[in-house]
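This report concerns only the one structure given below.
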Amino acid sequence: DTLILWTTEFGRLPSSQSGQGRDHNPFVFTNWLAGGGIRGGLSHGPSDEWGYKPLDREHPTQVYDIHATALHLLGLEHTRLTVRNGGIDRRLTDVHGHIIEELLA
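Numbering of the sequence shown is given in the working numbering, commencing with residue 1025 and proceeding in unit increments.
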């Protein structure tokens, strides 16, 4: 199967910045996943009515979670992808990333 992942690195604020457009919004962003083990027809991690903040502020979906889920679907254990840098073990999905089980077929 083929995993299709279309994602943005950040969202946009729902309000204008003094007529200069809309600034980055790191709290709400768009990801679209299909095929390759993804359960279709879902919307995960809803935002407030303005698209400013996630509704679940205690457990928001992070980009690390998207990475962990994609790596899992590719057959890779994200917790094992570690590199030592400056004497510290760093992980691609940071310590926060977890697989979003709800998205799996």
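No residue lacks a Cβ here, since even glycine has one placed at the ideal position from N, Cα and C.
As the structure is a computational prediction, the values presented were derived from the model and not from experiment.
Which residues in the same chain as residue i place their Cβ atom closer than 7 Å to its Cβ, once the five residues preceding and following it in sequence are excluded?
{"i": "Asp1089", "result": "Gly1121, His1122, Ile1124"}
Residue i bridges to which residues according to DSSP?
{"i": "Asp1025", "result": "DSSP, once it has assigned bridges, lists no residue as partnering Asp1025."}
{"i": "Thr1106", "result": "Arg1115"}
{"i": "Trp1030", "result": "Trp1056"}
{"i": "Ser1039", "result": "In DSSP, Ser1039 forms no bridge with anything."}
{"i": "Ser1071", "result": "Pro1078"}
Mind checking whether the beta-carbon of residue i lies closer than 7 Å to any heavy atom of the ligand COA?
{"i": "Ser1071", "result": "In the structure on display, the ligand COA does not appear, and there are no ligands present to speak of."}
With DSSP collapsed to three states, give me the class of residue i.
{"i": "Ile1062", "result": "strand"}
{"i": "His1083", "result": "coil"}
{"i": "His1014", "result": "Lying outside 1025 to 1129, the shown extent of the chain, residue 1014 is not represented and no answer is given."}
{"i": "Leu1057", "result": "strand"}
{"i": "Leu1127", "result": "helix"}
Using a Cβ-Cβ cutoff of less than 6 Å, which residues in the same chain neighbour residue i once the five nearest sequence positions on both sides are dropped?
{"i": "Gly1035", "result": "Asn1049, Val1052, Phe1053"}
{"i": "Thr1026", "result": "Gly1059, Gly1060"}
{"i": "Val1107", "result": "Arg1114"}
{"i": "Leu1057", "result": "Leu1029"}
{"i": "Thr1085", "result": "Gly1069"}
Could you say which of the options lies nearest to residue i if we only look at CA atoms?
{"i": "His1068", "options": "Leu1079, Trp1074, Gly1061, Gly1059", "result": "Leu1079"}
{"i": "Ser1040", "options": "Trp1056, Thr1085, Tyr1076, Leu1105", "result": "Tyr1076"}
CB-CB under 8 Å to residue i, same chain, minus the five flanking residues each way: which ones, in chain order?
{"i": "Thr1103", "result": "Arg1115, Thr1117"}
How should residue i be labelled, buried or exposed, when 16 other C-beta atoms within 10 angstroms of its C-beta is the threshold for buried?
{"i": "Trp1066", "result": "One detail in the question is off: residue 1066 reads as Leu in this sequence, not Trp. Counting Cβ neighbours within 10 Å, Leu1066 comes out exposed, since fewer than 16 surround it."}
{"i": "Thr1093", "result": "buried"}
Quick one: is residue i near chain C, going by C-beta distance under 8 Å?
{"i": "Gly1121", "result": "The chain inventory of the structure shown lacks chain C, comprising one protein chain alone."}
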